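Chains as they are written, first to last, in numbering that gives the first Met the number 0: chain A, 0 to 237; chain B, 0 to 237. Where is the CB? At the ideal position from N, CA and C, for every residue including glycine. Since we're looking at a predicted model, the values are computed, not measured.
2 protein chains.
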Amino acid sequence: MERSKDKGPDAVVLVSGGLDSAVTLASAANEGYVCHSLSFDYRQRHHIELAAAGKISRLLGAADHRVVRIDLSAIGASALTADIDVPKHSKIKPGDSGIPVTYVPARNTIFLSVALGLAEVLEARDIFIGVNAVDYSGYPDCRPEYIRAFESMANLATRAAVEKNQKVTIHTPLINLPKSEIIRKGVELGVDFSFTTSCYDPSPEGLACGLCDSCRIRRDGFAKAGIPDPTGYLKDRK
Amino acid sequence: MERSKDKGPDAVVLVSGGLDSAVTLASAANEGYVCHSLSFDYRQRHHIELAAAGKISRLLGAADHRVVRIDLSAIGASALTADIDVPKHSKIKPGDSGIPVTYVPARNTIFLSVALGLAEVLEARDIFIGVNAVDYSGYPDCRPEYIRAFESMANLATRAAVEKNQKVTIHTPLINLPKSEIIRKGVELGVDFSFTTSCYDPSPEGLACGLCDSCRIRRDGFAKAGIPDPTGYLKDRK
Numbered sequence: 000m001e002r003s004k005d006k007g008p009d010a011v012v013l014v015s016g017g018l019d020s021a022v023t024l025a026s027a028a029n030e031g032y033v034c035h036s037l038s039f040d041y042r043q044r045h046h047i048e049l050a051a052a053g054k055i056s057r058l059l060g061a062a063d064h065r066v067v068r069i070d071l072s073a074i075g076a077s078a079l080t081a082d083i084d085v086p087k088h089s090k091i092k093p094g095d096s097g098i099p100v101t102y103v104p105a106r107n108t109i110f111l112s113v114a115l116g117l118a119e120v121l122e123a124r125d126i127f128i129g130v131n132a133v134d135y136s137g138y139p140d141c142r143p144e145y146i147r148a149f150e151s152m153a154n155l156a157t158r159a160a161v162e163k164n165q166k167v168t169i170h171t172p173l174i175n176l177p178k179s180e181i182i183r184k185g186v187e188l189g190v191d192f193s194f195t196t197s198c199y200d201p202s203p204e205g206l207a208c209g210l211c212d213s214c215r216i217r218r219d220g221f222a223k224a225g226i227p228d229p230t231g232y233l234k235d236r237k
Numbered sequence: 000m001e002r003s004k005d006k007g008p009d010a011v012v013l014v015s016g017g018l019d020s021a022v023t024l025a026s027a028a029n030e031g032y033v034c035h036s037l038s039f040d041y042r043q044r045h046h047i048e049l050a051a052a053g054k055i056s057r058l059l060g061a062a063d064h065r066v067v068r069i070d071l072s073a074i075g076a077s078a079l080t081a082d083i084d085v086p087k088h089s090k091i092k093p094g095d096s097g098i099p100v101t102y103v104p105a106r107n108t109i110f111l112s113v114a115l116g117l118a119e120v121l122e123a124r125d126i127f128i129g130v131n132a133v134d135y136s137g138y139p140d141c142r143p144e145y146i147r148a149f150e151s152m153a154n155l156a157t158r159a160a161v162e163k164n165q166k167v168t169i170h171t172p173l174i175n176l177p178k179s180e181i182i183r184k185g186v187e188l189g190v191d192f193s194f195t196t197s198c199y200d201p202s203p204e205g206l207a208c209g210l211c212d213s214c215r216i217r218r219d220g221f222a223k224a225g226i227p228d229p230t231g232y233l234k235d236r237k
């Protein structure tokens, strides 16, 4: 798939290395945006994600890929940043009101804030984030009402918005899609999912556990989409 | 001044090492909050600020002081983080619409986002920030409408707000005060301003330049308040 790297408006795309953000990046590129990938090194336990984010950015024609280091360990606990065991065989089903311990406090707010700063520096008016309110694992900062509130705040926050009336739009192309539809959309856009990683607790070799909430949602998505799952799993699902 | 360290509600207070945030911390403590100071090491050129933030936090009875490291150099330019000269003898007067190059893109949004995460971890419902819309050097993220929009967004963002209805309030005790009133308030609350630092471009020994916008606003504030300025300046104002 060929994409122009020097035409179209600039967009900042949050790329985590996971499945959803890969499809988000592919969508933004397909709409003609010049994509600037942004990832975070927030002392998550698996730097495998950052390597995947870099590879996906290159494969999907991003103009560049930035990694911002932020040490969230100073503000405390989550299974993704602290020494809490990642729950296996969780009773929580997608859509339940229970919010899992893998929740990182204010994570999307922090990430979108930095994306907003980068957008201002690049004079970009568009930010893409792959949040999903259907199979969203119960994170409040994945809901449409949260995204609209962030956008309103952003348009009062920056010099670009206030001085030059360059309003920012937060794009969430996946927000209402079930995982199976996200996977179908990605296949249509040429995403090679073997380079994406979803597992909260991968092995040192980068194999997915197959058992955490994120692996379960991913596996179910491929099964429902009727598309073979290219993920290397450590264990078969019981 | 004695303050209880184990009573009263918890609050997260953004403390920069400057004059305004010191008075903000003193105000929060005076209102009976157990104060948790939060500062950022964002590769600003003067770590003098962080040392001042720690000292002020101790002197004003904060329960603890956290420093979150975030490398904003990856997202680009500002005179406070990049190699741009800090302007001296600026033509910009406080209240002008011109926003100076010392602006850090989305800075308050990023800082408040991390404060929001910490508040959630601490189960605190109150965040204090020393923004000021009067002598504000032209930063859009110091205005009341921005703060209210952040608060609205925050109350859709977190598990605490969504699950437990623990709404967050962003307190801005200085937002409508001129610098001279902030200084008077600080003196009333026992703030020793000799430990605060305002200069955008201090000498290696920690002396203020006396010429940058921030120094000029500070000096004018002490003069108008009729209070001797304890700051060590490198040069007298011309």
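- In this structure the stretch 182 to 195 of chain A lies against the stretch 10 to 18 of chain A, because at least three pairs of beta carbons, one per stretch, are closer than 8 Å.
- P8 (chain A) does not reach chain B, its nearest Cβ partner there being about 18 Å away, counting only Cβ pairs nearer than 8 Å.
- Under the three-state reduction of DSSP output, I128 (chain B) falls in the coil class, being neither helix nor strand.
- D9 (chain A) is bridged by DSSP to A:V33.
- For the pair V11 (chain B) and P229 (chain A), the Cα-to-Cα distance works out to about 45 Å.
- Beta-bridge pairing by DSSP links V186 (chain A) to no other residue.
- The Cβ atoms of S36 (chain B) and L24 (chain B) sit closer than 8 Å to each other.
- Taking a beta-carbon distance threshold of 8 Å, S112 (chain A) counts as an interface residue toward chain B.
- Burial state of R57 (chain A) is exposed, judged by a 10 Å Cβ sphere holding fewer than 16 other Cβ atoms.
- The beta carbons of P143 (chain A) and I174 (chain A) sit about 6 Å from each other, so the pair counts as a contact at 8 Å.
- If you draw a 10 Å sphere on the C-beta of E119 (chain B), you find 16 or more other C-beta atoms in it, and that means buried.
- For G116 (chain A), a Cβ of chain B is located within less than 8 Å of the residue's own Cβ.
- DSSP places I169 (chain B) in the strand class (E or B) of the three-state scheme.
- Our two residues, L233 (chain B) and R68 (chain A), have alpha carbons roughly 34 Å apart in a direct line.
- By the C-beta criterion, the stretch 112 to 132 of chain A is judged to be in contact with the stretch 161 to 180 of chain A, since at least 3 inter-stretch pairs fall below 8 Å.
- In the three-state reduction of the DSSP assignment, I216 (chain A) falls in the helix class, which pools H, G and I.
- Of the other Cβ atoms in all chains shown, fewer than 16 fall within 10 Å of the Cβ of P203 (chain A); this residue is therefore exposed.
- For V161 (chain B), the enclosing alpha helix (DSSP H) begins and ends at 158 to 163.
- At least one CB atom of chain B sits nearer than 8 Å to the CB of T157 (chain A).
- For the options A:C211, A:A114, A:G75, A:G209, the alpha carbon positioned closest to that of V66 (chain B) is the one of A:G75.
- The beta carbon of G205 (chain A) sits closer than 6 Å to the beta carbons of I47 from its chain, once the five residues preceding and following it are set aside; these are given in chain order.
- Within the same chain, and ignoring the five residues on either side of N107 (chain B) in sequence, the residues whose Cβ sits closer than 6 Å to its Cβ are D140.
- No Cβ of chain A is located within less than 8 Å of the beta carbon of S36 (chain B).
- In the three-state scheme derived from DSSP, where H, G and I count as helix and E and B as strand, Y232 (chain B) is classed as strand.
- Beta-bridge partners assigned by DSSP to F39 (chain B): B:V67.
- The three-state secondary structure of A25 (chain B), taken from DSSP, is helix.
- Residues of chain B with a Cβ closer than 9 Å to the Cβ of S151 (chain A) are, in chain order, A148, S151, M152.
- Using beta-carbon distances, I55 (chain A) does not count as an interface residue toward chain B, since no partner is under 8 Å.
- Here the alpha carbons of R183 (chain A) and D40 (chain B) stand approximately 42 Å from one another.
- Neighbours of R68 (chain A) in chain B, taken as residues at a C-beta separation under 8 Å, are given in chain order as R68, I69, D70, A73.
- With a threshold of 8 Å between beta carbons, Y145 (chain A) makes contact with chain B.
- Identification of chain B residues near R65 (chain A) by a Cβ-Cβ cut-off of 8 Å yields A73, I74, ordered along the chain.
- By the rule that beta-carbons nearer than 8 Å mark a contact, D125 (chain A) does not touch chain B.
- Those residues of the stretch 163 to 185 of chain A placed with their C-beta closer than 9 Å to a C-beta in chain B do not exist.
- Setting aside the 5 residues that flank it on each side, S179 (chain A) is surrounded in the same chain by G220, K223, A224, each with a C-beta closer than 6 Å to its C-beta; the list follows chain order.
- Distance between L115 (chain A) and F127 (chain A), taken at the CA atoms: about 11 Å.
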